Structure formats: structure tokens, C-alpha cells
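Chemist: With UniProt numbering, letter number 151 in the sequence shown gets 151, and the count goes up by one each step, no holes.
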Amino acid sequence: MEKGKVLLAVTGFHPQRWHELLAAEREVVLEPNGPNDPSITYAVVWKQKPNLLSSLPNLRAIFSIGAGVDHIFADPGLPDVPIVKVVADNLTQYMTEYVVWRVLDHHRQGMLYRAQQAKKTWHEPPQRPAGDISVGIMGLGHLGRAAASVLLSLGFAVNGWSRSERPMKGVSTYAGETGLIPFLNSTDILVVLLPLTPQTRGIVNYGLLKELRRRNGLGGAVLINAGRGRLQKDADIVRALEDGTLKEASLDVFEVEPLPKTSPLWGHAKVFVTPHAAATSDPAHLAPIMLRQMAAFERGEKLENLVDRQAGY
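1) Pairs of beta-carbons, one from the stretch 209-226 and one from the stretch 242-254, closer than 8 Å: are there three or more?
2) What three-state label does DSSP hand F156 in the structure shown?
3) Ignoring anything shorter than 3 residues or poking outside the stretch 270-298, list the beta strand (DSSP E) runs there in chain order.
4) Does L30 pass the burial test, meaning 16 or more other C-beta atoms within 10 Å, or should it be called exposed?
5) Cβ of L196 within 8 Å of Cβ of R163?
6) With a Cβ-Cβ cutoff of 8 Å, do A226 and L193 count as a contact?
7) If we ignore side chains and look at the alpha-carbon of each, how far apart do L39 and G4 end up?
8) Can you tell me whether S149 is helix, strand or coil according to DSSP?
9) Is it right to say D236 is buried, meaning 16 or more other beta carbons lie within 10 angstroms of its own, or is it exposed?
10) Check for me: the beta strand (DSSP E) holding A88 runs from which residue to which?
11) Near P32, what residues of its chain come up, given a Cβ to Cβ distance below 7 Å and the 5 sequence neighbours on each side ignored?
12) Could you check where the alpha helix (DSSP H) with Y113 kicks off and where it finishes?
13) Would you mind giving the Cβ-Cβ distance between I137 and A148, rounded to the nearest angstrom? I have them listed as a contact below 8 Å.
14) Within the chosen definition, does the stretch 177-193 reach the stretch 100-110 through at least 3 CB pairs nearer than 8 Å?
15) A148: beta carbon under 7 Å from a heavy atom of the ligand SAM?
16) On the criterion of 16 or more Cβ atoms from any shown chain inside 10 Å, does V271 qualify as buried, or is it exposed?
17) Going by DSSP, what residues sit across from R134 in a beta bridge?
18) For V150, which residues of its own chain have a beta-carbon under 6 Å away from its beta-carbon, when the five flanking residues on both sides are left out?
19) Measure the CB-CB distance between N51 and G34 and report whether it falls below 8 Å.
20) With DSSP run on the structure shown, which of helix, strand or coil describes E248?
21) According to the neighbour-count rule (16 or more other Cβ atoms, all chains shown, within 10 Å of its Cβ), is D308 buried or exposed?
22) So L190 is in the beta strand (DSSP E); what residue range does that whole segment cover?
23) Taking the straight line between their C-alpha atoms, what separation do you get for L231 and H268?
24) Do W46 and V10 have their C-beta atoms closer together than 8 Å?
25) Could you check if N36 is buried or exposed, using at least 16 other CB atoms within 10 Å of its CB as the buried criterion?
26) How far does the alpha helix (DSSP H) with T178 in it extend, from its first residue to its last?
27) Compute the distance between the beta-carbons of V86 and G66, then report whether it is under 8 Å.
28) Which value, in whole angstroms, describes the spacing of the CA atoms of H19 and V28?
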């Protein structure tokens, strides 16, 4: 199989480092040479321009720079070629660190202590053991399972919900529509790691949050979203925080990014905001994985971590 060019098509950040690393083994271009460029065989993308890939006659595979692939499916001219999603140890480590950090901060009353410090208040609230707290992970894929494993090792009770059955030792698993309400009813801290699909868009709404367990060792339900911003309804989260449906929230993703300065989430006393930084794609780790996949594919081997087009992830 002949070695072709790699199209690096990214929006929202400078591609220089990606270009340098991919160019170590491949010829890399930032734009096709005309609408039917036959020299391009792979595309490495993040929020590529609509219809950019549709007319490339020799395109063999598309690689996503980020963990999510909804930006690829947003392209109305998406060609029918394999799509490879990112699976890398450092990306998994970053996400696991973020989830465990935020779970522990809520569990150990971090927001309360920061508020007390600002007021110079010396008060020790009751502290429950981790085993009394149930963490529910929505999305038991590679990232969700890695986070669940560490939370289990810390002694938390862990629930997991996914679209289809995904058994995991030590985790109480639920699946599909019939399993969603029982999953939520037994969850104190909800961690959202779902992919964004037409079925999951806006799933984290007021109705869903109302089903979380509020009478618990934390004194209320907690939301952590490190998945995709359009999984949630920002206004519904604010409503839930205001009426006590939610005690606190840690949000790394939002419906509109960057989060508008007018959003009430910025200054909300019960919200911890991070700028979509839970698991940043590191080109030094990811570019070599992509290059290895391209070389293996040209040797006749199968591509790994392929996206299921029907499922959308």
C-alpha cells in the first residue's frame, strides 16, 4: 500500500506541534491541493471544515485528535471511511486524575472548607468514610472503567451505567433505559463520561438530576461532568443547584465553549469550573500512536479503536 500524505485539519488551536511530530514520518499538508486531491490518504482532524474530506478520492482513514468524535459526525460531507478514536495511556491517566480529584474534593468537603477559610471559620464538619458514598459513572467505556477502578481502590461504592450491558468486577452495573432510573436513585456523586450522540444530547437535564439520591452522607447530590458540554443543560444545572436538587457541581465542559462571561456558573458558590482541561490531548503521546496505526494499516493490519458509526462513538 503506497504511502500518501496526511491532511492535518484542525480548528481552535495552532497545529504546529502536531505538524512537526507527524512530519517526522509523513508528508503533512494543512489544505488539500484542490477539491479532488488524490495524494491525501489520511486525515488527522479536530472540528474540520464542513465537506473538506468529502471529495478526497484516496482517503483511507480519519483520526480524531480528541477523545470525542462528535465533531467529525457534525460534517455533512463525511466520507465512508474508517474513523479512529484516541485511546492513549496518558489521556486515560489525565481523565482518571480529574475524576478522582473532583470526587475526593466533594467527598472531603472542599467547597465548605474554602468558604470557611474565606470567613476565617474554624469548624470541622462530620466526615463519612468513602464506603458510605456511591459514585455513579455514566459511560463505562475505556475512560469510565479506568476511573471506576481507582475509585474502587479508594473504597467508594461504584455504580456504572451504559447504553448496553458492560459488566465490571466490583461495580454495580446498569444498562439502557430500564436501568437509568435505578442507577440514578442509588448514586450520590454522578460522574458523566458519555460520548455525545443524538441520543445523549441534553441527557443531563433537570429531570435526570431530580433522580439522584439526596439523602446521603454528603448532605446532597453532586454532579461532575467531564464528558461533552452538550450532554448537559446549563440552565437546568443552575436550577438544580438553586433549589437543592444538587448540592454542588464540578463542570469541565459546557453547552457553549469558552463559557460565556455572562454565565451564572462562573460565580456560583456551589460550582467548580475548569476550561475543558480534564484530559487535554498531548501530541507528543498521540501523534506516534497515529503514525504506528498508519504504518500497520499499510502492512495489511487492521486499524484499532475504530468508531462504531451506528452508535456514534
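Even glycine gets a Cβ: it sits at the ideal position worked out from N, Cα and C. Because the structure is a prediction, the values reported are computed rather than measured.
Modeler: Straight from the coordinates:
1) yes
2) coil
3) 271-273
4) exposed
5) no
6) yes
7) It should be pointed out that residue 39 corresponds to Ser in this sequence rather than to Leu. Cα-Cα distance, rounded: 6 Å.
8) helix
9) buried
10) Premise fails: A88 is in no beta strand (DSSP E) and is neither H nor E.
11) L7, I40, L56
12) 110-119
13) 6 Å
14) yes
15) In terms of ligand content, the structure shown is empty, and the ligand SAM therefore cannot be addressed.
16) buried
17) First, the residue type needs correcting, since residue 134 is Ser and not Arg in the sequence shown. Its beta-bridge partners are A157.
18) T96, V100
19) no
20) strand
21) exposed
22) 189-192
23) 20 Å
24) yes
25) exposed
26) 176-185
27) yes
28) 7 Å
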